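K.L.:
This structure is in structure tokens; I'll ask about it shortly.
Residue numbers (this note's numbering): 1 to 154.
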């Protein structure tokens, strides 16, 4: 019964957070995708880091740690920390500034403006869509594998 209470409390917290945050936004696509360009660099970095701490990292790292030992977690943390920080500070902040200045919401908008070409959007869209599908599926599978033992298969 305790796992069910924890899941219900977690879902209730998410619902409350969603209701509170929905009151502060206007309902535009910029609100949904880039928080109206209102978040700063630190929150953006934490958001990017949190995006990678999904089932791909958490469930996969457990299996790798079982196979290789606890050092896997240190390796994951150091690689994630170094790679995220480097990409964020070398590329991310500049893109954030451009996005805020010119109102970009998606990567495709940035590349279309940067190369002054509509065609690049037609090339990038299927590539980006194909790259996000495995990431989403891994998240769904990982969520199922994580919730299954907590709910005892119910």
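C-beta: ideal position from N, C-alpha, C; glycine also.
Predicted model, so just to flag it, every value in this text is computed and none were measured.
Just reading off the alpha helix (DSSP H) that residue 35 is part of, what are its end residues?
P.N.:
Looking at the DSSP string, residue 35 is not in any alpha helix (DSSP H), and its letter there is neither H nor E.
K.L.:
For residue 121 versus residue 44, is the C-beta distance shorter than 8 Å?
P.N.:
Cβ atoms of residue 121 and residue 44: not closer than 8 Å.
K.L.:
Three-state secondary structure (DSSP) at residue 115?
P.N.:
Three-state result, residue 115: helix.
K.L.:
What do you reckon, are the CB atoms on residue 99 and residue 110 nearer than 8 Å?
P.N.:
Yes, the pair counts as a contact, with Cβ atoms nearer than the cut-off.
K.L.:
What three-state label does DSSP hand residue 152 in the structure shown?
P.N.:
If DSSP states are grouped into helix, strand and coil, residue 152 belongs with coil.
K.L.:
In chain order, what residues of the same chain lie with their CB nearer than 7 Å to the CB of residue 65, ignoring the 5 residues before and after it?
P.N.:
Excluding positions up to five away in sequence, the list reads 72 and 73.
K.L.:
For residue 11 and residue 5, I'd like the C-alpha separation in whole angstroms.
P.N.:
Computed Cα separation, rounded: 10 Å.
K.L.:
Shortest alpha-carbon distance to residue 37 belongs to which of 3, 104 and 52?
P.N.:
When only C-alpha atoms are compared, the closest one is 104.
K.L.:
Roughly how many angstroms separate the alpha carbons of residue 59 and residue 142, rounded to a whole number?
P.N.:
Rounded to whole angstroms, residue 59 to residue 142 spans 7 Å at the Cα level.
K.L.:
Go to residue 94, then tell me how far its alpha helix (DSSP H) extends in each direction, as first and last residue.
P.N.:
First-last of the alpha helix (DSSP H) with residue 94: 93-102.
K.L.:
For residue 105, name the three-state secondary structure that DSSP assigns.
P.N.:
Residue 105: coil per DSSP, three-state reduction.
K.L.:
Is residue 53 helix, strand or coil by DSSP?
P.N.:
DSSP places residue 53 in coil when its eight states are reduced to three.
K.L.:
Which whole-angstrom value describes the C-beta separation of residue 84 and residue 42, a residue pair presumed to lie in contact below a C-beta threshold of 8 Å?
P.N.:
Between residue 42 and residue 84 the Cβ distance is about 13 Å, and since that is not below 8 Å, they are no contact.
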